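Here is the structure we will look at.
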Amino acid sequence: MATRFWPGVALLALLQSGCVAYTQSQPALEGRLLDSSGKPIPAATITLKSHRPGTSTVTDSKGFFAFAGEHEWSFFLPIGPIDKINLSRLLISAQGQQYDVLLSYGLSGPYGSGPSEVGVLCTLPQAQLPTEKEGTTPDICQRVPYKNMLASRAAE
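Letter by letter, the sequence shown follows residues -21 to -1, 1 to 135 in mature numbering (1 follows the signal peptide of the UniProt record, and there is no 0).
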């Protein structure tokens, strides 16, 4: 009887030592999509992919798009290193072309996450750019301060 008791006690203690965290699963994103001459591109489909399947939106008449930040509850056992990969990609479908932009990538712990707010200004090239090995399109989106993107949207 004692042989069965101690492994059960150890397992119960291990499960009760777990932690619950409320982490960001998708950053808040504000952005604008322009053509190569600096004119806004309306009605382009923008998809933000993070930890979950992608969330999509369409650019407005001035080329602006936005995604709200999302959070999730997670349970973890503090045994060994506790890292997760934070990956955010922006998929752009505009003017008959497809673009794949890597927004952020990195490791974080159970309480950390990637950037909480991201602002981007994307300018489509005149011709389709070749993709890199990972499938991303280089250099079409520049990071800008999130608050600047909000102010720019309000000013338009």
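Backbone N, C-alpha and C fix where the C-beta goes; we use that ideal spot for every residue, glycine too. Everything numeric in this text was worked out from a predicted model, so none of it was measured.
- Cβ atoms of Leu66 and Val80 stay farther apart than 8 Å, at about 12 Å.
- In the DSSP assignment, Ile71 is bridged to Ile25 and Tyr78.
- As DSSP reads the structure, Phe44 sits in a beta bridge with Gly10.
- Residue nearest to Tyr125 within the set Gln105, Thr102, Ile119 and Glu96 is Glu96 (criterion: CA-CA distance).
- Judged by DSSP in its simplified three-state form, Ser35 adopts strand.
- Around the beta carbon of Ala134, fewer than 16 other beta carbons lie within 10 angstroms, which makes this residue exposed.
- In the DSSP assignment, Leu129 falls outside any beta strand (DSSP E) and lies within the alpha helix (DSSP H) extending over Tyr125 to Ala134.
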